[in-house]
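Reviewing the structure listed below.
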Ligand code: B12
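Numbering (the numbering used here), first residue to last: 3 to 263.
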């Protein structure tokens with residue numbers, strides 16, 4: 003089989019599992035300054051298969067973050083399962099090694115908010131999109147409403163052609179509608195501002211709650227455990243109900259309607 007045939011075989015297999023977009027990148031074309039080297043993650047890695055999953059319009063158009071989060075959790079589940087199936091397919095069919103990263107977690111706590119693989123840079127390298135004003139990757143069909151995972155493999159596969167067009171409309175809606183004001187400076191997301199609004203029940207919220215709880219009198223402690231805030235923290239850590247904001251994805255007009263496939 004030629005490498006193009008191998009790519010086509012993997013792509014067809016992945017699309018059959020509910021993946022919406024598939025691209026390939028040679029590790030040499032993946033450039034993410036702050037991320038670890040791919041060789042540190044899988045010494046024999048030569049390329050990566052980048053998988054894109056569209057998030058449903060309805061989920062992102064809902065004013066209730068919980069509804070958006072329901073679709074996010076489903077994408078995360080599907081993507082996790084598919085990563086394993088596709089990695090084993092690659093190993094079995096082509097006698098190669100394959101390992102993968104998930105949508106968000108696990109992450110190295112020592113590195114702060116830098117993941118093992120920057121999936122936006124991987125998607126760009128695999129010809130699946132370009133960065134927009136919101137610092138998210140815009141896919142030509144699905145717009146910003148797409149999430150990525152990646153499978154690293156020892157297969158030597160060439161990169162798909164990169165997208166040359168500017169897909170961002172520079173409409174500035176993402177900047178104007180960001181409730182945290184986290185996108186004011188071009189090419190930079192103010193992470194702390196974004197986190198405060200998008201993940202109020204994340205580790206920061208948990209630390210604040212724990213501090214309050216530890217300093218409380220016994221009666222107050224009972225009340226604090228019945229507080230809806232405790233329920234939200236519990237849901238965030240237990241079922242991964244993390245995000246309370248999807249605004250920069252939701253307001254982006256690209257890929258919002260029309261035929262998807
Ligand atoms: C940690 C993390 C965050 C952190 C920090 C973000 C950050 N600065 O990187 C927080 C919590 C703030 C966050 C927020 C969000 N995230 Co997030 N996040 C991640 C995660 C897990 C790791 C990212 C990472 O390693 N960053 C560190 C390094 C790589 O970033 P960096 O080099 O500093 O690059 C930054 C800038 O320099 C700039 N940049 C870099 N190169 C270039 C090039 C150009 C041309 C431009 C214009 C900008 C630019 O963009 C980056 C953002 O600040 C990824 C998943 C993954 N494994 O990649 C998801 C991921 C980036 N998040 C995603 C999403 C959707 C979100 C949110 C919308 C929240 C939500 N509800 O889902 C917001 C969007 C915020 C925004 N508009 O920037 C998606 C993006 C999908 C897409 N289509 O692009 C990802 C890829 C998850 C996924 N698997 O699909 N996220």
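Just so you know, even glycine gets a beta-carbon here, dropped at the ideal spot from N, CA and C. Remember, it's a predicted structure, so these values are computed and weren't measured experimentally.
Contact test: residue i Cβ vs the ligand B12 heavy atom, cutoff 6 angstroms
i: residue 144; result: no
i: residue 148; result: yes
i: residue 73; result: no
i: residue 154; result: no
i: residue 197; result: yes
i: residue 138; result: yes
i: residue 32; result: no
i: residue 122; result: yes
i: residue 4; result: no
i: residue 106; result: yes
i: residue 133; result: yes
i: residue 265; result: The first residue shown for the chain is 3 and the last is 263, placing residue 265 beyond what the model contains.
i: residue 77; result: no
i: residue 207; result: no
Short Cβ contact (7 angstroms threshold) for residue i with residue j
i: residue 153; j: residue 56; result: no
i: residue 156; j: residue 99; result: yes
i: residue 36; j: residue 119; result: no
i: residue 18; j: residue 52; result: no
i: residue 231; j: residue 218; result: no
i: residue 200; j: residue 250; result: no
i: residue 91; j: residue 125; result: no
i: residue 28; j: residue 164; result: no
For residue i: DSSP bridge partner residues
i: residue 103; result: 152
i: residue 15; result: None, per the DSSP bridge assignment.
i: residue 53; result: 24 and 151
i: residue 140; result: 132
i: residue 145; result: 141
Cβ distance (whole Å) where residue i is taken to contact residue j below 8 angstroms
i: residue 80; j: residue 20; result: 6 angstroms
i: residue 145; j: residue 256; result: 4 angstroms
i: residue 189; j: residue 197; result: About 19 angstroms separates the two Cβ atoms, so there is no contact after all.
Below-7 angstroms beta-carbon distance, residue i vs any chain B residue
i: residue 144; result: The structure shown contains no chain B, having only a single protein chain.
>> Would the segment 182-193 count as touching the segment 70-90 if we require 3 or more Cβ pairs under 8 angstroms?
In response: no
>> Can you confirm whether the segment 170-181 touches the segment 207-223 when touching is taken to mean that 3 or more C-beta pairs between the two stretches lie within less than 8 angstroms?
In response: Contact between the segment 207-223 and the segment 170-181 is not established, with fewer than three Cβ pairs separated by less than 8 angstroms.
> If we count Cβ pairs, one from each stretch, closer than 8 angstroms, do we get three or more for the segment 236-254 versus the segment 219-226?
Replying inline: no
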